[in-house]
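J.:
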Amino acid sequence: MNKVLNYINGQFVDPVNDNWLDNYSPADGDIYGHIPDSSKEDVAQAYLAAKEAFPAWSQTTLEARSRLLIKISELLEANLERFAEAESKDNGKPISLARSVDIPRAASNFRFFGNAITQFASESHESVGQHAMNFTLRQPIGVVGCISPWNLPLYLFTWKIAPAIAAGNCIVAKPSEVTPMTAFLLGDICTEAGLPKGVLNIVHGSGHTTGQAIIEHPGIKAISFTGGTTTGAHIAKTAAPMFKKLSLELGGKNPNIIFSDCDYDAMLETTVRSSFANQGQICLCGSRIFVEASIYDRFKTDFVEKVKQLKVGHPSAPDTDIGALVSKSHLEKVAGYIDIAGNEGGTLLCGGHKVTVDGYENGYYFEPTIIEIDSNDCRVNQEEIFGPIVTIMPFEGEKEALKMANAVKYGLSATIWTNNLKRAMSMSNQLQAGIIWINTWMLRDLRTPFGGVKASGVGREGGFEALRFFTQAKNVCIKY
Ligand code: NAP
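First residue of the sequence shown? That's 214 in our numbering, and the numbers climb one at a time after it.
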């Protein structure tokens, strides 16, 4: 049985109240470990460690910080296989994905921000005619809170931690209680890399106790949160009266808009991936597929045929395309949308059922599912399902595509398939989303701003945006 411990002040420790939560393996439904059900007291200890570490850490040279972050990145790369196995077991994702995406990206996060901090410059403004010079100091905030979800566990955890540390802050962090394992393993790597104790503190536990204690703590001055929109709204409500700085990366219901003039084969291949990668549990997945009417029937036939070939299987099997969903409750939520779609007149084109994988009968498997709908207003097109279910629907012309794409409360990302540059630009300008992909999906450059509009969040992560979030600007004016 695995035992996950809190990482506070550079030490692995039990929770103060000795309460523990079960950790399930999605692939077989077994309990394979226990994690701390941390309370306010654990968060308070983590905060004190961070507060104590802050004066020295915030004065560390940029070069020293950079070297340390790059060292963590190298150690992650050296331990890639161990981390990939842990991530796959904890989350249910195919090990091939953890190996090729999750862990390499976590390592890139540290390397990227290790380099970025050495290039992060402040501004100066000469007040001509007034004999004055202004310059801006970008100072770390102090102790910050980082809370991340279960879908890309280490990838998103480190996407927050790396810039926060690079900018000179100390951290109290909480990964999702459902996927704590790689964050736990990260503690050892940080110690080995020589990260001073107290700079990063990781407390495990449920959102409503541990997470709540972090967002309520008066000494934690900023919260970087990735997760659901409802949780994000709750965090905003709790943190606003304390004037905490907030970055909220929330849910999505992203349109994938396919025009007849696209490169058809590339579109089809990528659309399979953008629909079902990580069992459809990526906030950026294109779950609403709108297809220009003239190619709709062709697309429908080809897409269904391709999706039927995807293999649902144990995450560690090399030929698995679709692993297990993250938890039993999530599986039930996803499965529930099949009836909802049916009641609203949706037609099931493929999938729609739980899958029993031989030898792992209690695992949380679900078929990749395509539902044909005739209205964008139905619940399956308006609510975030966050699983292997997509809808398809035809449209006539740019105007209608745009109208349907924007008629949703979310605004995270959108994908457009077209070779018409004018159309691509016009759509990009008008789509209500923080990220637009044209003729591609999830092609990431870590320098770019990342985040959503509307109910998909406030604030931007990535590149210098993240370093701006984790610092405060102070203007200094000198009269000469
Ligand atoms: P979630 O339920 O909102 O949880 C996210 C994190 O918040 C978890 O660590 C959770 O802890 C914690 N939490 C829950 N209640 C809290 C509270 N009262 N105070 C503080 N923390 C609390 O989301 P999820 O189900 O893990 O993740 C799926 C969602 O994340 C989807 O909506 C997806 O779109 C979104 N997401 C967005 C992005 C983006 O970049 N925009 C990226 C990935 C995922 P527990 O796990 O212990 O409950």
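Glycine is no exception: its CB is placed at the ideal position from the N, C-alpha and C atoms.
(1) What three-state label does DSSP hand Val-570 in the structure shown?
(2) Any heavy atom of the ligand NAP within a distance shorter than 6 Å of the CB on Ile-428?
(3) Would you mind working out which of Ile-648, Asn-652, Asn-589 sits nearest Val-621, comparing C-alpha positions?
(4) Opposite His-338 in the DSSP bridges: which residues?
(5) Relative to the alpha-carbon of Lys-667, which residue among Arg-657, Ala-686, Cys-403, Tyr-623 has its alpha-carbon at the smallest distance?
(6) Closest to Leu-367 by C-alpha separation, out of Met-214, Ser-487, Asp-303, would be which residue?
(7) From Cys-563, Gly-223, Ala-299, Glu-596, pick the residue whose C-alpha is nearest to that of Gly-499; which is it?
(8) Excluding the 5 residues preceding and the 5 following Ile-376 in the sequence, name in chain order all residues of the same chain whose CB lies nearer than 7 Å to its CB.
(9) How would you call Gln-522, buried or exposed, if buried means at least 16 neighbouring beta carbons within 10 angstroms?
(10) State yes or no: is the C-beta of Asn-633 nearer than 6 Å to some heavy atom of the ligand NAP?
(11) So Cys-665 packs on Gly-465, CB below 8 Å; how close in whole Å?
(12) Could you tell me if Leu-634 is buried or exposed, where buried requires 16 or more neighbouring beta carbons within 10 angstroms of its beta carbon?
(13) Assuming Met-640 is part of the alpha helix (DSSP H), what are its boundary residues?
(14) Whole angstroms are fine: how far does the CA of Phe-225 sit from the CA of Trp-653?
(15) If I measure Cβ to Cβ from Ile-360 and keep anything under 6 Å in the same chain, skipping five residues before and after, which residues do I get?
(16) Is the Cβ-Cβ distance between Leu-538 and Tyr-577 less than 7 Å?
(17) Using alpha carbons as the reference points, say which of Ala-259, Leu-461, Ile-651 lies closest to Phe-663.
(18) Using a Cβ-based criterion (distance less than 6 Å to any ligand heavy atom), does Pro-581 qualify as near the ligand NAP?
(19) Considering only residues of the stretch 249-334, which uninterrupted alpha helix (DSSP H) runs meet the minimum length of 4 residues and lie entirely inside it, listed in chain order?
(20) Return yes when the Cβ of Trp-363 is within less than 7 Å of the Cβ of Val-391, no when it is not.
(21) Comparing C-alpha positions only, which one of Ala-548, Glu-557, Thr-631, Pro-528 sits nearest to Gly-565?
(22) Skipping 5 residues on each side, what residues in its chain have a beta carbon closer than 6 Å to that of Gln-494?
(23) CB-CB under 6 Å to Lys-331, same chain, minus the five flanking residues each way: which ones, in chain order?
(24) Leaving out the 5 sequence neighbours to the left and right, which residues in its chain are closer than 7 Å to Asp-267 when beta-carbon positions are compared?
T.: According to the structure data:
(1) Three-state result, Val-570: strand.
(2) Ile-428 Cβ: within cutoff of the ligand NAP.
(3) Asn-589
(4) Asn-347
(5) Tyr-623
(6) Measuring from the Cα of Leu-367, the nearest candidate turns out to be Asp-303.
(7) Glu-596
(8) Correcting the residue type first, residue 376 is Pro in the shown sequence and not Ile. Residues Phe-326, Ala-679, Leu-680, Phe-683 of the same chain have their beta carbon placed closer than 7 Å to that of Pro-376, with the five preceding and five following residues left out of the count.
(9) exposed
(10) For Asn-633, the shortest separation between its Cβ and any heavy atom of the ligand NAP does not lie below 6 Å.
(11) Just to set this straight, residue 665 is Gly in the shown sequence, not Cys. So it is a contact: roughly 6 Å between Cβ atoms.
(12) exposed
(13) 634-643
(14) Looking at the sequence itself, residue 653 is Thr, so the reference to Trp does not match. Near 43 Å, if we compare the C-alpha coordinates of Phe-225 and Thr-653.
(15) Lys-387, Gly-424, Phe-438
(16) yes
(17) Leu-461
(18) Because no heavy atom of the ligand NAP lies under 6 Å away, the Cβ of Pro-581 does not count as near it: no.
(19) 253-271, 275-291, 293-304, 316-329
(20) yes
(21) The shortest Cα separation from Gly-565 among Ala-548, Glu-557, Thr-631, Pro-528 belongs to Ala-548.
(22) Exclusion of the five residues before and after Gln-494 leaves Asn-364, Phe-599 as the residues of its chain whose Cβ lies within less than 6 Å of its Cβ.
(23) The question names Lys, but residue 331 is Thr in the sequence shown. Closer than 6 Å at Cβ, skipping near neighbours: Leu-275, Ser-279.
(24) In the sequence on display, residue 267 carries Phe and not Asp. Same-chain partners within the cutoff: Gly-355, Val-356, Cys-383.
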